Amino acid sequence: MPLLEVKNLTVEFHIPEGVLKALDGISFMLNEGEVLGIVGESGSGKSTTALSIMNLLPAPSGRIKEGEIFFKGEPLLEKIDELRGKDISMVFQNPLNSLNPSLKIGQQLMEVLQEHMDMSEEKAWNESIEALRMMGIPDPETMMNRYPFEFSGGMRQRAMIAMAMLCRPKLLIADEPTTALDVTIQAQILRIFKRLKKATQTSIIFISHDLSVIAQIADRVLIMYAGKILEISSVRDLFKRPLHPYTQGLLKSIPSFSKEKGKKLYSIPGNVPNLLNPPSGCVFHPRCPYTKEICNLETPPNFKVGNSTVSCWLFKGADVVETT
Amino acid sequence: MKLLEVKNLKVFFPIKDKLFGKPTKFVKAVNNVSFEVEKGEIFSIVGESGSGKSTIALALMGIHERNGGSIIFNGAEVNQEDFKTLRRKIQIVFQDPDSSLDPRKRIKEIIAEGLRVHRVGDKAFIDEKVRDIVEKVGLTVDTLRKYPHELSGGQKQRVGIARALVLEPELIILDEPTASLDVSIQAQILNLLVDLQEALGLTYILITHDLKLVEHISDRTLVMYLGKVMEMGETKQIMNKPLHPYTKALIDSVPVPNPEKRNENEEILTGEIPSPLNPPEGCPFKTRCKYRMELCSKEPKSIKLENRVVFCHLYESKNLEV
Ligand SMILES: Nc1ncnc2c1ncn2[C@@H]1O[C@H](COP(=O)(O)OP(=O)(O)OP(=O)(O)O)[C@@H](O)[C@H]1O
Ligand SMILES: Nc1ncnc2c1ncn2[C@@H]1O[C@H](COP(=O)(O)OP(=O)(O)OP(=O)(O)O)[C@@H](O)[C@H]1O
Ligand SMILES: [Mg+2]
Ligand SMILES: [Mg+2]
Numbered sequence: 000m001p002l003l004e005v006k007n008l009t010v011e012f013h014i015p016e017g018v019l020k021a022l023d024g025i026s027f028m029l030n031e032g033e034v035l036g037i038v039g040e041s042g043s044g045k046s047t048t049a050l051s052i053m054n055l056l057p058a059p060s061g062r063i064k065e066g067e068i069f070f071k072g073e074p075l076l077e078k079i080d081e082l083r084g085k086d087i088s089m090v091f092q093n094p095l096n097s098l099n100p101s102l103k104i105g106q107q108l109m110e111v112l113q114e115h116m117d118m119s120e121e122k123a124w125n126e127s128i129e130a131l132r133m134m135g136i137p138d139p140e141t142m143m144n145r146y147p148f149e150f151s152g153g154m155r156q157r158a159m160i161a162m163a164m165l166c167r168p169k170l171l172i173a174d175e176p177t178t179a180l181d182v183t184i185q186a187q188i189l190r191i192f193k194r195l196k197k198a199t200q201t202s203i204i205f206i207s208h209d210l211s212v213i214a215q216i217a218d219r220v221l222i223m224y225a226g227k228i229l230e231i232s233s234v235r236d237l238f239k240r241p242l243h244p245y246t247q248g249l250l251k252s253i254p255s256f257s258k259e260k261g262k263k264l265y266s267i268p269g270n271v272p273n274l275l276n277p278p279s280g281c282v283f284h285p286r287c288p289y290t291k292e293i294c295n296l297e298t299p300p301n302f303k304v305g306n307s308t309v310s311c312w313l314f315k316g317a318d319v320v321e322t323t
Numbered sequence: 000m001k002l003l004e005v006k007n008l009k010v011f012f013p014i015k016d017k018l019f020g021k022p023t024k025f026v027k028a029v030n031n032v033s034f035e036v037e038k039g040e041i042f043s044i045v046g047e048s049g050s051g052k053s054t055i056a057l058a059l060m061g062i063h064e065r066n067g068g069s070i071i072f073n074g075a076e077v078n079q080e081d082f083k084t085l086r087r088k089i090q091i092v093f094q095d096p097d098s099s100l101d102p103r104k105r106i107k108e109i110i111a112e113g114l115r116v117h118r119v120g121d122k123a124f125i126d127e128k129v130r131d132i133v134e135k136v137g138l139t140v141d142t143l144r145k146y147p148h149e150l151s152g153g154q155k156q157r158v159g160i161a162r163a164l165v166l167e168p169e170l171i172i173l174d175e176p177t178a179s180l181d182v183s184i185q186a187q188i189l190n191l192l193v194d195l196q197e198a199l200g201l202t203y204i205l206i207t208h209d210l211k212l213v214e215h216i217s218d219r220t221l222v223m224y225l226g227k228v229m230e231m232g233e234t235k236q237i238m239n240k241p242l243h244p245y246t247k248a249l250i251d252s253v254p255v256p257n258p259e260k261r262n263e264n265e266e267i268l269t270g271e272i273p274s275p276l277n278p279p280e281g282c283p284f285k286t287r288c289k290y291r292m293e294l295c296s297k298e299p300k301s302i303k304l305e306n307r308v309v310f311c312h313l314y315e316s317k318n319l320e321v
């Protein structure tokens, strides 16, 4: 049984300009111990996916319109309030917003343990120090007594990961955990994730817009675009033979993969669609080099190709993956 | 031919004492930086956050006053009061088109503003010129009537480029020109910049965090750390065989877009960038450098080696290979 299953999830934001479909019937699952990468451009729905699982969509504008989420085979949203912070935890896209600026780091860590694990103060203190040490924070005893503003960006991100891992969650969701950091610090944080992956059974959803980062950490990858999942592949298959024309375009536009002449890069023409007024049929068809008539008439189903699934009419004839 | 020479550039920011308002300390944002830019090349400046890249750019625009050093453009020394006339020749494109385009102005006014300020031609001339330039950057003429908020991020950055180009500058400074854009739009903007450079014979200074991009697009590269130069030379040589330990660490930190090339135990740089208010004495990289020696507390000299300039004591005796 998969640890997490998302089925036909549709999420809308009700805003003054209208109804924005941020997720349009997405389905995927996550196995135990697996690292699932979610890749997509800005606004494709990565954070909305994460926040839906955590049941933290901004109220009242964000609503789950349809679909179900299962955790260990049981409906998740009924139980999420008990599980959040303990079995399922999240590292947010903006670390400054998610640490309490007026509490010492140590206090914040200990509170998590005392609340969820019913731990004595002394035990919580020791465990917290251990958690900081595991994240490579030097001199953790002293750092326990510091406030978030006294931490650098990289240190804050480590403290956030330490906090998210405190209760040994079954599922950790990391939303762009390295995007705001410098490359040398990004490399340090990526290494922490690589080691977590080896040392624990925690399943991880790792969100990033950077395919190179995903190549380094993920087992399987979801490619998102305009609220849809266009492709799900193992990370090896994805880089070896990307199926969806959008995935192919993303890979080709990485400078070191460029096959264009001289200094030119491959570029995907056109713009990301406006979700208030999405294209008909396949969401990618206005930018796709292989567009056929059917592409703007009908939304492609998920076709099964090898161990991957891909939502593209080029694969018409392959088996269709049903989601119920 | 040299278009720009920068010699021993210094830009210091005073940090004011809260109580008395007197500057008690300085952030040496750019500390003794020298480089030359050849006409027609793409010259990159790389380095992590706070290394002084944008400060160099703003000093070259005359927006930050220099605390020392000289800037020579087209063979002539540039003093602070010369920048007004030089503005036409040196233009900048900023990272964030949202904060660099005035939201109350129409695109037409935004692009034409420079021409008006410099009193270039009459209204008919300006209109013609503006229309011409928006088409060159891949926008349609009806964009001119719009306001910035009506455009996508990529379109806004095209406006930023048009605004810089309209004055027919010789040098354009690109400060993270694609960092705020979607991955699929980044390549469009870069290709536009490459096309324009070839068509108009422009020279670029490209400031970026993105080493993959630098390797692909630029001719020569300057590597900065905490306000100082670490290494400078031809991009290909630097990427293939970095001399300075910091350059090597920086290159090794870039994630490889290949799932077959993962390594949990690779050597990576530990520690954090020291506070710019309190930088290490001598070589600023010494607190994180694995080759650190006693000598490193002394200011490293500029060493010419293998067609490059490198500031590192390792090469002073030249009997140590990295
Ligand atoms: N609170 C909100 N109110 C209205 N619309 C929202 C809200 N949050 C997200 N959206 C919209 O939902 C869509 C998906 O947003 P989401 O934040 O999930 O994207 P993302 O993939 O995480 O992007 P990024 O890479 O920029 O973080 C976007 O069109 C966004 O504008
Ligand atoms: N106006 C200012 N007043 C005081 N300090 C400043 C000012 N501008 C920059 N600094 C400081 O100077 C140093 C260099 O900053 P600069 O913006 O040039 O870095 P950068 O290399 O462009 O970094 P980034 O990659 O984050 O854009 C930093 O320590 C910064 O905090
Ligand atoms: Mg997001
Ligand atoms: Mg900058």
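First to last, the sequence lines map onto chains A and B.
Each residue of the first sequence is one higher than the last, beginning at 0 in numbering that gives the first Met the number 0.
Each residue of the second sequence is one higher than the last, beginning at 0 in numbering that gives the first Met the number 0.
Glycine residues also receive a C-beta, built at the ideal position from the N, C-alpha and C atoms.
Quick caveat: nothing in here was measured; it's all calculated off a predicted structure.
Mark Y265(A) as exposed unless 16 or more other C-beta atoms lie within 10 angstroms of its C-beta, in which case mark it buried.
Classification of Y265(A): buried, given that the 10 Å Cβ count is 16 or more.
Should G281(B) and K297(B) be called a contact, given that it needs their Cβ atoms to be closer than 7 Å?
Yes, they are a contact pair.
Can you give me the start and stop residues for the alpha helix (DSSP H) that S99(B) sits inside?
Looking at the DSSP string, the run of the alpha helix (DSSP H) that includes S99(B) is 96 to 99.
According to DSSP, I206(A) sits in a beta bridge with which residue or residues?
Note: I206(A) sits in a beta bridge opposite I37(A), D174(A).
Counting only beta-carbon separations shorter than 7 Å, does E271(B) have a partner in chain A?
Closer than 7 Å to some Cβ of chain A, the Cβ of E271(B) qualifies, so yes.
Please say whether V32(B) and V213(B) have beta carbons closer to each other than 7 Å?
In this structure, V32(B) does not lie closer than 7 Å to V213(B) by Cβ.
Between the C-alpha atoms of E108(B) and V165(B), what's the straight-line distance to the nearest angstrom?
Rounded to the nearest angstrom, the two C-alpha atoms are 12 Å apart.
Using a C-beta cutoff of 7 Å, does L189(B) count as contacting chain A?
Answer yes: the Cβ-Cβ gap between L189(B) and chain A drops below 7 Å somewhere.
Relative to the C-alpha of E4(B), which candidate in G74(B), N30(B), V29(B) has its C-alpha closest?
Checking every option, the nearest Cα to that of E4(B) belongs to G74(B).
Can you find a CB in chain B that lies within less than 7 Å of the CB of S255(A)?
Yes, contact with chain B.
Nearest to L112(A) by CA position, among S151(A), R83(A), P147(A), is which residue?
When each option's Cα is compared against that of L112(A), the closest is R83(A).
I'd like to know whether the C-beta of I171(B) is nearer than 7 Å to at least one C-beta of chain A.
False, the Cβ-Cβ gap to chain A never drops below 7 Å.
If E230(B) and V182(B) are in contact, beta carbons under 8 Å, what's the gap, nearest whole angstrom?
No, E230(B) and V182(B) are not in contact; Cβ-Cβ is about 29 Å, not under 8 Å.
Distance cutoff 7 Å, beta carbons only. Does P244(B) sit that close to anything in chain A?
With 7 Å as the cut-off, P244(B) does not count as an interface residue toward chain A.
Between P258(B) and chain A, is there a C-beta pair that is closer than 7 Å?
Yes, its Cβ sits closer than 7 Å to a Cβ of chain A.
Counting only Cβ pairs nearer than 7 Å, list the residues of chain B close to H208(A).
Here the neighbours are V182.
Comparing C-alpha positions only, which one of K24(B), K1(B), F34(B) sits nearest to L221(B)?
Comparing Cα-Cα distances from L221(B) to each of K24(B), K1(B), F34(B), the minimum goes to F34(B).
Let me see if you follow: with CB-CB separation under 7 Å, is S51(A) close to chain E or not?
Checking the listed chains, one finds no chain E in this structure; the protein chains it contains are A and B.
Report the residues of the segment 264 to 283 of chain A with a CB closer than 8 Å to any CB of chain B, ordered along the chain.
From the segment 264 to 283 of chain A, only L264, Y265, S266, I267, P268, N270, V271 have a Cβ closer than 8 Å to chain B.
From V309(A) to G42(A), what does the alpha carbon distance come to, in whole angstroms?
If I take the Cα positions, the gap works out to 20 Å.
Which residue marks the beginning of the alpha helix (DSSP H) containing I188(A), and which one marks its end?
Its alpha helix (DSSP H) spans residues 182 to 198.
Within the 7 Å Cβ cut-off, does F150(A) reach chain B?
No, F150(A) does not count as interfacial toward chain B.
According to DSSP, what are the bridge partners of L3(B)?
Paired residues: V36(B), F72(B).
Compute every distance between the C-beta of T156(A) and the non-hydrogen atoms of ligand 3, then say whether any falls below 6 Å.
Rather than Thr, the amino acid found at residue 156(A) in this sequence is Gln. Q156(A): no, Cβ never under 6 Å from ligand 3.
With DSSP run on the structure shown, which of helix, strand or coil describes Y314(B)?
Note: Y314(B) maps to helix in three-state DSSP.
Closer than 6 Å by C-beta to C311(A): which residues in its own chain qualify, once you throw out the five before and the five after it? Chain order, please.
Excluding residues within five positions, the ones whose Cβ falls inside 6 Å are H243, P299.
Give a yes or no on whether the C-beta atoms belonging to Q154(B) and I188(B) are separated by under 7 Å.
No, these two residues do not count as a Cβ contact at 7 Å.
Quick one: is the Cβ of G152(A) within less than 6 Å of any heavy atom of ligand 2?
Because no heavy atom of ligand 2 lies under 6 Å away, the Cβ of G152(A) does not count as near it: no.
Assign S26(A) to one of three DSSP states: helix, strand, or coil.
In this structure, S26(A) counts as strand in the three-state DSSP scheme.
Counting only runs that start and end within the segment 226 to 279 of chain A, where is the alpha helix (DSSP H) found for 4 or more residues in a row?
Fully enclosed alpha helix (DSSP H) runs of 4 or longer: 234 to 239, 244 to 251.
Which first and last residues belong to the alpha helix (DSSP H) in which Q236(B) is found?
It spans 234 to 239 - the alpha helix (DSSP H) in which Q236(B) sits, taken as one unbroken run.
How about K27(B): is its Cβ closer than 6 Å to a heavy atom in ligand 4?
Flag unset: Cβ of K27(B) not near ligand 4.
Put I14(B) into one of helix, strand or coil per three-state DSSP.
Correct three-state label for I14(B): strand.
Within 6 Å: the Cβ of K52(B) and any heavy atom of ligand 4?
K52(B) Cβ: within cutoff of ligand 4.
Can you list the alpha helix (DSSP H) stretches of 4 or more residues lying completely in the segment 179 to 233 of chain B, in chain order?
Taking only runs of at least 4 residues, the alpha helix (DSSP H) segments lying wholly in the segment 179 to 233 of chain B are 182 to 199, 210 to 216.
Against chain B, with Cβ distances strictly below 7 Å, would R235(A) count as a contact?
So yes, R235(A) belongs to the interface.
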